[in-house]
Amino acid sequence: MAADARTAASIARIIASEIAARPDQVSAAVALLDEGATVPFVARYRKEATGGLDDTQLRTLEERLSYLRELEARRAAVLESIRSQEKLTPELEAKIAAVVTKAELEDIYLPFKPKRRTRAEIARERGLAPLAEAILGDRRKVPAELAATYLTDQVPDTKAALEGARDIVVEGLAENADLLGRLRTHMKERAMLRARVVDGKQEAGAKFSDYFDHSERWSTAPSHRALAMLRGRNEDILTVDLEVDADDAAPMKPVERIIATVLNVAADGAPGNTWLMEVGRWAWRVRLSLNLSVDLMTELRERAEEEAIRVFARNLKDLLLAAPAGSRATMGLDPGIRTGVKVAVIDQTGKLLDTATVYPFQPRNDVQGAQAALAVLIARHKVELVAIGNGTASRETDKLTADLIAQLPTDRRPIKVVVSEAGASVYSASAAAAAEFPDLDVSLRGAVSIARRLQDPLAELVKIEPKSIGVGQYQHDVDQSRLARALDAVVEDAVNAVGVDLNTASASLLARVSGLGASLAEAIVAHRDANGPFAARRELLKVARLGPRTFEQCAGFLRIADGKEPLDASSVHPEAYGVAAKIVAACGRDVRTLMGDSAKLRALDPRTFVDERFGLPTVRDIIAELEKPGRDPRPEFKTASFADGVDDIKQLRPGMLLEGTVTNVAAFGAFVDIGVHQDGLVHVSQLADRFIKDAHEVVKAGDVVKVRVLEVDVPRKRISLTMRKDGAAAASRPAPEAKGERRSGPMPPRKPEPAPQGAFGAALAEAMKRK
1429 MAADARTAAS
1439 IARIIASEIA
1449 ARPDQVSAAV
1459 ALLDEGATVP
1469 FVARYRKEAT
1479 GGLDDTQLRT
1489 LEERLSYLRE
1499 LEARRAAVLE
1509 SIRSQEKLTP
1519 ELEAKIAAVV
1529 TKAELEDIYL
1539 PFKPKRRTRA
1549 EIARERGLAP
1559 LAEAILGDRR
1569 KVPAELAATY
1579 LTDQVPDTKA
1589 ALEGARDIVV
1599 EGLAENADLL
1609 GRLRTHMKER
1619 AMLRARVVDG
1629 KQEAGAKFSD
1639 YFDHSERWST
1649 APSHRALAML
1659 RGRNEDILTV
1669 DLEVDADDAA
1679 PMKPVERIIA
1689 TVLNVAADGA
1699 PGNTWLMEVG
1709 RWAWRVRLSL
1719 NLSVDLMTEL
1729 RERAEEEAIR
1739 VFARNLKDLL
1749 LAAPAGSRAT
1759 MGLDPGIRTG
1769 VKVAVIDQTG
1779 KLLDTATVYP
1789 FQPRNDVQGA
1799 QAALAVLIAR
1809 HKVELVAIGN
1819 GTASRETDKL
1829 TADLIAQLPT
1839 DRRPIKVVVS
1849 EAGASVYSAS
1859 AAAAAEFPDL
1869 DVSLRGAVSI
1879 ARRLQDPLAE
1889 LVKIEPKSIG
1899 VGQYQHDVDQ
1909 SRLARALDAV
1919 VEDAVNAVGV
1929 DLNTASASLL
1939 ARVSGLGASL
1949 AEAIVAHRDA
1959 NGPFAARREL
1969 LKVARLGPRT
1979 FEQCAGFLRI
1989 ADGKEPLDAS
1999 SVHPEAYGVA
2009 AKIVAACGRD
2019 VRTLMGDSAK
2029 LRALDPRTFV
2039 DERFGLPTVR
2049 DIIAELEKPG
2059 RDPRPEFKTA
2069 SFADGVDDIK
2079 QLRPGMLLEG
2089 TVTNVAAFGA
2099 FVDIGVHQDG
2109 LVHVSQLADR
2119 FIKDAHEVVK
2129 AGDVVKVRVL
2139 EVDVPRKRIS
2149 LTMRKDGAAA
2159 ASRPAPEAKG
2169 ERRSGPMPPR
2179 KPEPAPQGAF
2189 GAALAEAMKR
2199 K
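Using this note's numbering, you'd call the opening residue of the sequence shown number 1429 and step up by one each time.
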């Protein structure tokens, strides 16, 4: 028990240093998580216990806790294995206790690890261990002369004897943890990634042309380029190798000097030293460099995957927390050419009201009939919003709708918005969609999804497997289980940050609430269908299999509008209703009239309401919630206006100023939909007039931005854009304007900075491959 306590304390100290917290904060959070509490619950309702750790810190804590516990379990297994071999010394035990990574631990364990019969073991069986020791012991003696005294039936000549001695020395080097550590550090600092095209694969692998003859440092290779090279290798288009000290012209390479130091080889020309130096070089070429290269390539992949997952997770969070258009009757249009435009109309709550399919494009070209059908639906259902999917025929459908809206009476014109339809087809064919719309054609389900994701992106997107939403870079190349865990955490945090209406939420949305899951979510919906809307949060305890512990985890994130208890519409947890009652009583008001009265609430001293159970952080949260009950953390809804007359990449010209929506953010920049069927790329160097290390510092998915066209490559469908105020060294002549574009005011005079076209071109090429 004492050892377990020491281990827990050690883990707490390590994590605390990594998340900028105190060990006692980490220990408290670990205890809560071990008891089954979720990250959203701990972040929101256990601030006193954790000292206010936020959800980002807690997610990192949760991930590192898993790794460090695995490390401790492996450390214990290694110690037990070496102890059972009766080879554990106090020095070795202290060394094992000091390691902080799994790789270091395995390096130390390597000599003691049970292994198959090796060449060195065979050499020992043949009596050659004394020969190796003799060569190492006296460098003045000639190895071949020493070897001649060890000849037997199994060792027929001096060559075989020396090869056996070499195998024994090489195994000693390969199992030397200090040597492996020094070589690994050197390689991390100096190794170069080298990619080359496989002969004859130039045409088949054209999309990897940027890497046909490419090299860069292993230590600084960005995620997207590393994953691109690794994908090219997996597809047998590229060879990818690590080169170490290739540019060092010295007779003895740095890695050889490191090995020579470990072997204590002197440059004195002694026969033993000369032989050992050759053995060291052979060990590097044949064994050490190969094993360490595999380790470093594995680490590179893990590092690149971690960054790719982080980018995907951040983009997903931005998309989930995009501004909702609100509870308004909405028409969803899923564009198509030959198969027609699928139409679905939903009411304020997302309930399906009507469907249709219109054929304004080839081969029917029934524009008038399509517009007439849409006009009828708009009038019949008092449609206020039109959501248009951004897939094939999106711009044509957008223009068709714009022309229709222009013909409608001013007071009946809905707002049209082009929305991302990523994942809509996945939802349409899912079991959830089939259960919700069993009699509806699959294609029409997509139109419903498009309409709903305009009303409330979060509520609709939770129905789709996160990795199918498609806002990542190389998401299909990364560890799928790690990706799923990271994205599930993002969805959980987003849902609980916004809160869920208990009486209208789908089972898919409820399943993401803290403490619930798919089965309990379905039980809640079944109870709601059988007994009517919930009048109070406490009624959740009547749901089958939903006990007090689960209620504690989920209640604060579920909302009931116009229920028996006004606080049920807020994020105040039922366990703290007593504190809220004291606050209300101090104001001498009814809770319903007090809610929203900022002046009255801000005049209170939160410290007055602190008690043994609820501290100052909780009291402040309760007062803030009373000020703005059920507040939505998502931004205000706004849309981009595409330029009239610009709906094809061929119509773009350098210098055009356009408005668009950020669809994806990667490590190297941001993709922007400007309405021409092909997203443009704003390279990270073009996002602002200052240095930007991470594109997320400036933009996020869903942002509406102004961009200027830098370059257009029509054959390769590549568009480069800039958001810099100076136009990124745009042509000095006045920029041609798109039809319908509003010219911006005069630019402040400044010296243009040259755009890094080389780096930009490489990033753009890489980005387009991914797209």
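Here a beta-carbon is modelled for each residue, glycine too, at the ideal position from N, C-alpha and C.
Note that the structure is predicted; figures quoted are calculated from it, not measured.
Rounded straight-line distance, which links the Cα of residue j to that of residue i
i	j	result
G2058	F2099	33 Å
G1555	S1647	44 Å
K1992	F1962	10 Å
T2089	D2076	16 Å
D2101	D2107	5 Å
S1942	V1598	55 Å
H2111	L1948	45 Å
P1679	H1642	26 Å
S1637	K2145	16 Å
A2095	R1731	13 Å
G1708	V1672	16 Å
H1652	T2067	30 Å
A1505	L1538	13 Å
F1979	G2043	22 Å
R1552	A1501	34 Å
A1674	A1623	14 Å
K1827	D1869	26 Å
T2091	K2134	14 Å
K2153	A1444	42 Å
R2171	F1740	Reliability fails at R2171, whose pLDDT of 29 lies under 50, so the model's placement of it is uncertain and no value is given.
Cβ distance (whole Å) where residue i is taken to contact residue j below 8 Å
i	j	result
A1815	V1845	6 Å
V1683	N1604	V1683 to N1604, Cβ: 14 Å. No contact.
A1860	S1936	6 Å
E1521	L1499	Rounded, the Cβ-Cβ distance is 16 Å, inconsistent with contact.
E1644	L1607	Not really, about 27 Å apart at Cβ, beyond 8 Å.
Top-ranked residue by Cα proximity to residue i, from the options
i	options	result
V1668	R1685, A1649, M1680 and E2055	A1649
H2105	R1881, T1820 and E1888	T1820
D2131	L1666, V2093, G1592 and A1471	V2093
G1592	D1566, E1561, F2070 and H1614	E1561
A1750	D1831, L1886 and K2134	L1886
R1474	R1653, A1457, R1659 and V1771	A1457
E1812	T1825, V1795 and I1833	I1833
T2046	T1435, L1836 and A1477	A1477
R2136	P1976, G1945, R1434 and P2082	P2082
L2149	Q2114, A1862 and L1460	Q2114
Residues of its chain near residue i, where Cβ-Cβ distance is below 6 Å and the 5 sequence neighbours each way are ignored
i	result
A1440	P1451, V1454 and S1455
C2015	L2022 and K2028
A1602	R1715
L2080	V2137 and V2140
S1871	K1770
D1432	none
Proximal residues to residue i (C-beta, below 8 Å), its chain only, five neighbours per side dropped
i	result
D1921	V1467, P1468, D1483, R1487 and K1745
D1664	V1626 and K1629
N1931	R1956, P1961, F1962, I1988 and A1989
R1766	F1789, Q1790 and P1791
S2069	E2087
Chain-order list of residues whose beta-carbon lies under 7 Å from that of residue i (same chain, five-residue window excluded)
i	result
I1737	V1906, R1910, L1911 and A1914
V1919	L1748, V1890, P1894 and R1940
I1447	Q1485, T1488 and L1489
W1703	I1563 and P1571
L1781	V1773, I1774, D1775 and H1809
M1705	A1688 and V1693
Proximity test, residue i beta-carbon vs the ligand MN heavy atom, cut-off 7 Å
i	result
A2095	Within the structure as shown, the ligand MN is missing, as the structure has no ligands at all.
| query | Quick one: any contact between the stretch 1515-1526 and the stretch 1485-1497, if contact means 3 or more CB pairs under 8 Å? | reply | no
| request: Could you tell me whether the stretch 1748-1767 touches the stretch 1870-1884, where touching means 3 or more Cβ pairs closer than 8 Å? | output: yes
| query | Is it a yes or a no for the stretch 1993-2002 touching the stretch 1961-1976, going by three-plus beta-carbon pairs under 8 Å? | reply | Touching, yes, given that three or more Cβ pairs across the two stretches are closer than 8 Å.
| When the Cβ atoms of the stretch 2033-2042 are set against those of the stretch 1719-1732, are three or more pairs found closer than 8 Å? | no
| message | If contact is defined by three or more beta carbon pairs under 8 Å, each pair taking one atom from either stretch, is the stretch 1845-1856 in contact with the stretch 1726-1737? | response | no
| Is the stretch 2042-2056 touching the stretch 2006-2013, taking contact as three or more C-beta pairs under 8 Å? | yes
| On the three-pair Cβ rule with 8 Å, is the stretch 1575-1593 touching the stretch 1692-1701? | By the Cβ test, the stretch 1575-1593 is not in contact with the stretch 1692-1701, since fewer than three Cβ pairs between them sit closer than 8 Å.
| message | Contact between the stretch 1539-1555 and the stretch 1613-1620 is defined here as three or more beta-carbon pairs at a separation below 8 Å; is this criterion met? | response | Contact between the stretch 1539-1555 and the stretch 1613-1620 is absent, because fewer than three Cβ pairs lie under 8 Å.
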